[in-house]
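**Q**
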Amino acid sequence: GAVVSQHPSRVICKSGTSVKIECRSLDFQATTMFWYRQFPKKSLMLMATSNEGSKATYEQGVEKDKFLINHASLTLSTLTVTSAHPEDSSFYICSVRGGADTQYFGPGTRLTVL
Amino acid sequence: GESVGLHLPTLSVQEGDNSIINCAYSNSASDYFIWYKQESGKGPQFIIDIRSNMDKRQGQRVTVLLNKTVKHLSLQIAATQPGDSAVYFCAENANSGGYQKVTFGTGTKLQVIP
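So the protein sequences, as listed, match chains G and R. Counting in the numbering used here, the final residue of the first sequence is number 217, and the numbers go up one at a time with none missing. Counting in the numbering used here, the final residue of the second sequence is number 116, and the numbers go up one at a time with none missing.
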């Protein structure tokens, strides 16, 4: 399957600042990447679908101006949490759609907003 | 809306025994199902998948069963090992608004007792 990395693995920031999370597909050219968030002991919730060269598709209830997604190349998608607040603290996970609809996930990024 | 759910939030199994994790889904349009394993602080790891035109698929020590009549999915792990301890998610894939979307179930925590 595809190998996916995320950077950083952990980030702590002050309330009001913006944080950028990178998702890289290391061995697969990904036209589509996905961004999820996961609260403790909860399931993954899809935030948005990131499409290379076009605008991301956001799920209902996800603010596109709050969570900026850029998918400028076939190997990189970024999620920027703007003006972060403590309620944005979560585990953010990206995935890459491989062949046959299977998704391969990155290791996740733990965001803590103070 | 459509949802995927699990019957048991926590399952404790003796090492060496077989484990069965169950999942109910409600979207009859789902055509592809996946089981993921997630260890603490990590991203989900693909285990096995099955398409809706099949009712059983086997991997190494794992078997997935699909019963479309009752919209039920199960994951069987043979000879459960301590390294199998994790949270297991079922996920369903369906066409949503013209693109494929994966919806995750709530997760089952598997605890293997040495």
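Even for Gly, the Cβ is constructed at its ideal location relative to N, Cα and C.
Quick check: residue 118/G and residue 217/G, are their CB atoms within less than 8 Å of each other?
**A** yes
**Q** Please go through the same chain and pick out, in chain order, the residues whose beta-carbon is closer than 6 Å to the beta-carbon of residue 189/G, but skip the five residues on each side of it.
**A** Once the five neighbours on either side are set aside, the close Cβ partners of residue 189/G are 216.
**Q** Would you mind reading off the limits of the beta strand (DSSP E) that contains residue 151/G?
**A** 147–154
**Q** Which residues in chain R have a C-beta closer than 7 Å to the C-beta of residue 161/G? List them in chain order.
**A** In chain order: nothing, as chain R lies at least about 12 Å away.
**Q** Is residue 19/R helix, strand or coil by DSSP?
**A** coil
**Q** Who pairs with residue 52/G in a beta bridge, going by DSSP?
**A** The requested residue 52/G does not occur in the structure, where chain G is confined to residues 104 to 217.
**Q** So what's residue 125/G in DSSP terms, helix, strand or just coil?
**A** strand
**Q** In the structure shown, what three-state DSSP assignment does residue 51/R receive?
**A** For residue 51/R, the secondary structure class from DSSP, reduced to helix, strand or coil, is strand.
**Q** With DSSP run on the structure shown, which of helix, strand or coil describes residue 94/R?
**A** strand
**Q** In chain R, what lies closer than 9 Å to residue 111/G by C-beta?
**A** Simply none; closest approach about 14 Å.
**Q** Could you tell me whether the Cβ atoms of residue 140/G and residue 213/G are closer together than 8 Å?
**A** no
**Q** Only counting the same chain, and skipping five residues up and downstream in sequence, which positions put a Cβ closer than 7 Å to that of residue 207/G?
**A** 104, 105, 107, 198, 199 and 201
**Q** Suppose you measure from the CA of residue 187/G to the CA of residue 104/R; what does that come to, to the nearest Å?
**A** Taking the straight line from one Cα to the other gives about 27 Å.
**Q** Since residue 67/R is in the beta strand (DSSP E), which residue starts that stretch and which ends it?
**A** 64–69
**Q** Run through chain G and tell me which residues come within less than 7 Å of residue 95/R, C-beta to C-beta.
**A** 204
**Q** Taking the beta strand (DSSP E) that residue 107/G belongs to, which residues open and close that run?
**A** 107–110
**Q** Based on the DSSP output, what are the partners of residue 74/R in its beta bridges?
**A** 26/R and 69/R, per the DSSP bridge assignment.
**Q** What residues from chain G crowd round residue 108/R, counting only those whose CB sits closer than 9 Å?
**A** Against residue 108/R, the close residues of chain G are 145 and 146, in the order they occur along the chain (beta-carbon pairs closer than 9 Å).
**Q** Residue range of the beta strand (DSSP E) that residue 117/G falls in?
**A** Counting along the chain, residue 117/G falls outside any beta strand (DSSP E), and DSSP gives it neither H nor E.
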